[in-house]
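Chemist: Residues 235 to 412 in my numbering are what the sequence shown spells out, letter by letter. Backbone N, C-alpha and C fix where the C-beta goes; we use that ideal spot for every residue, glycine too. Sharing a structure, written as structure tokens. Questions coming.
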Amino acid sequence: MLTLTTEIFSQVSAEAEQLAAAHWDEVEAALHGAQRYRLDHERYASLERLGMLHISAARGLPEADQGAASATSSAPLAGYAAFTLVACPHCPQTLLAALDGLYLAPWARGGLFALRLLRHAEAALAVRGVSLVQYSSPASRPCHALYRRLGARPTETIWHKTLPPAPAMAAGTIEEDS
């Protein structure tokens, strides 16, 4: 059985390392090349200190292992929905939560659990004053049906371009094309 909780980064950071690496290997590596993934603990801790991070966690064990866990033990992390929070630059009175990462261990998928996890996150975000949630997913793993079930609607298309390193220039100068 899986349970949903709101947790702080320091509660999930050690366990999240393995799940984030699996998320990278399964979804992101094809988009970003052969680089090895490393969870940036300091960046997430910094976002949390600034009040700019929300984590909804899924905890539990595969059904086959549930009998092995003691009733007092803390269930392991099985997934997460992490959001960054920022004042919307177009509507400053709006606090925006952007989905940073959504992942469930393979055994925890199926049914409507991802939907339940995101609904849990939305409720917790609303308590924090968030009034707009921005969902995204890699083009290779579209989540349109999931987001529509949440009541979200498509509003923009996002394109990424990797820029080459900038050539060395004198400090304080920016070269522009005429």
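(1) Note down, in chain order, each residue of its chain lying with its Cβ closer than 8 Å to the Cβ of Glu249, except the 5 sequence neighbours on either side.
(2) Give the secondary structure of Ala373 by DSSP, where H, G and I count as helix, E and B as strand, and everything else as coil.
(3) Check each candidate in Phe347, Ala355, Cys325, Ala321 and name the one with the smallest Cα separation from Leu333.
(4) Would the beta-carbon of Leu359 fall within 9 Å of that of Ala321?
(5) Taking the alpha-carbon of Arg343 as reference, which of Tyr369, Leu380, Pro326 has the nearest alpha-carbon?
(6) Quick check: the Cα distance between Glu282 and His288, rounded to an integer number of angstroms?
(7) Once the 5 residues before and after Trp341 are set aside, which same chain residues still bring their CB inside 8 Å of it?
(8) Bridge partners for Ala331 per DSSP, in chain order?
(9) Going by C-alpha to C-alpha distance, which of Gly363, Glu390, Gly335 sits closest to Leu351?
(10) At the level of alpha carbons, what is the spacing between Ala415 and Phe243?
(11) Taking buried to mean at least 16 other C-beta atoms within 10 Å of its own C-beta, is His394 buried or exposed?
(12) Between the Cα of Tyr278 and those of Glu260, Leu319, His324, spot the shortest distance and give me the residue it belongs to.
(13) Arg293 bridges to which residues according to DSSP?
Modeler: Taking the geometry as given:
(1) Pro310, Leu311
(2) coil
(3) Ala355
(4) no
(5) Leu380
(6) 8 Å
(7) Pro296, Ala312
(8) Leu319, Val367
(9) Gly335
(10) The requested residue 415 does not occur in the structure, where the chain is confined to residues 235 to 412.
(11) exposed
(12) Leu319
(13) Thr237, Leu311
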